[in-house]
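Using full-length UniProt numbering, read the sequence shown as starting at 1 and increasing by one per residue. Notes for the one structure printed next.
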Amino acid sequence: MTGILVAAALSLLVSLLIMPMVIRMLYRFKFGQEIRDDGPEGHKSKQGTPTMGGIVIILGAVIGYFGAHLASMTRPTVSGLLVMFLFVGLGAVGFLDDFIKIYKRRSLGLRSGAKMLGQAIVGIGFAVGVTFFPNNYTYTPGSPHLSFLRDFGPALALPVFAIWALFLIVGFSNAVNLTDGLDGLATGATILSLVAYVIIGNWQLRQSCVNALEANCYTVRDPLDLAVVAAAGLGGCIGFLWYNAPPAKIFMGDTGSLALGGLIVGLAITTRTQLLLLIIGGLFVLITLSVMLQIGSFRLTGKRIFRMAPLQHHFELKGWAESTIVIRFWIIQGLFVGVGIGLFYLEWMPR
1 MTGILVAAAL
11 SLLVSLLIMP
21 MVIRMLYRFK
31 FGQEIRDDGP
41 EGHKSKQGTP
51 TMGGIVIILG
61 AVIGYFGAHL
71 ASMTRPTVSG
81 LLVMFLFVGL
91 GAVGFLDDFI
101 KIYKRRSLGL
111 RSGAKMLGQA
121 IVGIGFAVGV
131 TFFPNNYTYT
141 PGSPHLSFLR
151 DFGPALALPV
161 FAIWALFLIV
171 GFSNAVNLTD
181 GLDGLATGAT
191 ILSLVAYVII
201 GNWQLRQSCV
211 NALEANCYTV
221 RDPLDLAVVA
231 AAGLGGCIGF
241 LWYNAPPAKI
251 FMGDTGSLAL
261 GGLIVGLAIT
271 TRTQLLLLII
281 GGLFVLITLS
291 VMLQIGSFRL
301 TGKRIFRMAP
311 LQHHFELKGW
321 AESTIVIRFW
331 IIQGLFVGVG
341 IGLFYLEWMP
351 R
């Protein structure tokens, strides 16, 4: 538990303290957001707001995670390092995307093929890595099974599992990216998801099969360290939200959104809660579905379901204030997270 608190506190402190310096530096080099011409009219005022703030979230989380281990004189676990690899690796892909947008002064960065290739290299490396490195109890960081509250069904062949994991990684990293359209929206929703994984990791530690071979014990390799990883990401996001809250002084950019999407999926795979992630990350799923429905409807019928997709922009065009949308969407995400945690505990309820 001490490691969780230290990781969150260090990450929060780093994020809060260095963000003003980063904002000034980004302004000096004119690393500002390019706004799409077809976006909501109210977004034109955000043109030039510094972006790539996800660098600070990543830096804070990395310092928080390794600082927690240094403070407790413990070694990082393989599970924690693999999730951090996915987190930082996807952040690097997002950084390239953001840098190209800024350098070429356009709203589109990496070409879709190059972006997908970068995500695939990092994602497959993670997916393969989690099936190796067993501990003394033969538990690996991840498992080639599907999972909801725990693993179920037959083991998938490694190539099939890698494709499935990559689908989750690409899907959720892009889902967080789609959600990052209003000040503070994606950051707040991610914070709520990470709170869930701090709770899940802590509970799995207390009910680990390493401690007692009970009927419902968990075969998760390093549950405590996964909670530390989640806490490190949580602290970085809270510090960032201080400056990203409406009106935002900085945006996370693809650097942050791809990294955070990868972090959440990495935690889901290593805690054996892959399908539960669809509920814990319910707002991200909902917003992504709005884009898919909009595109599908327009291609099939020539008509749009929403005034604009992603979903948050539909409500902007209906006249809702940006802060109203953000707070109400946070409430929706909070409800999803509450349901997800409730389902996770359901099998432990007295019958």
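The beta-carbon is built from N, C-alpha and C at its ideal position, and this holds for glycine as well. Just so we're clear, the structure is a prediction, and the values are computed from it rather than from any experiment.
Simplified DSSP state of P50, which is helix, strand or coil: Correct three-state label for P50: strand.
Determine which residues share a DSSP beta bridge with D151 and list them. Note: D151 is bridge-paired with S147 in the DSSP secondary-structure output.
Using a Cβ distance threshold of 8 angstroms, determine whether the segment 6-13 contacts the segment 59-76, with at least three qualifying pairs required. Yes, the segment 6-13 touches the segment 59-76.
Looking only at its own chain, which residues have a Cβ that is under 7 angstroms from the Cβ of F306, when we skip the five neighbours before and after it? Here the set comprises S290, Q294 and H314.
Between which two residues does the alpha helix (DSSP H) holding A227 run? Counting along the chain, the unbroken alpha helix (DSSP H) around A227 starts and ends at P223 to N244.
Mind checking S72: buried by the 16 CB within 10 Å criterion, or exposed? By the neighbour-count criterion, in which 16 or more other beta carbons inside 10 Å mark a residue as buried, S72 falls on the exposed side.
Are three or more beta carbon pairs between the segment 245-265 and the segment 94-103 nearer than 8 angstroms? By the Cβ criterion, the segment 245-265 is in contact with the segment 94-103, since at least three pairs of Cβ atoms, one from each stretch, lie closer than 8 angstroms.
Can I341 and A196 be called in contact, C-beta distance under 7 angstroms? Contact flag set, yes.
Quick one: is A259 buried, meaning 16 or more other Cβ sit within 10 Å of its Cβ, or exposed? So A259 counts as buried.
Where T51 and I269 are concerned, what is the direct C-alpha to C-alpha distance, given to the nearest angstrom? Their Cα atoms are separated by approximately 29 angstroms.
Which two residues bound the contiguous alpha helix (DSSP H) that contains I169? From DSSP, the alpha helix (DSSP H) with I169 extends over L158 to T179.
Is the number of C-beta pairs between the segment 268-286 and the segment 204-223 that are closer than 8 angstroms three or more? As far as the Cβ criterion goes, the segment 268-286 touches the segment 204-223, which means the pair count is three or higher.
Pairwise C-alpha distance: W164 and L156: Going by the C-alpha atoms only, they are around 9 angstroms apart.
Helix, strand or coil for residue 353 per DSSP? What the structure shows of the chain is the stretch from 1 to 351, and residue 353 is not part of that stretch, so it cannot be assessed.
Given 8 angstroms, three or more beta-carbon pairs between the segment 225-233 and the segment 19-31: Output reads no: the segment 19-31 does not touch the segment 225-233.
So what's Y218 in DSSP terms, helix, strand or just coil? Of the three classes helix, strand and coil, the one that applies to Y218 here is strand, per DSSP.
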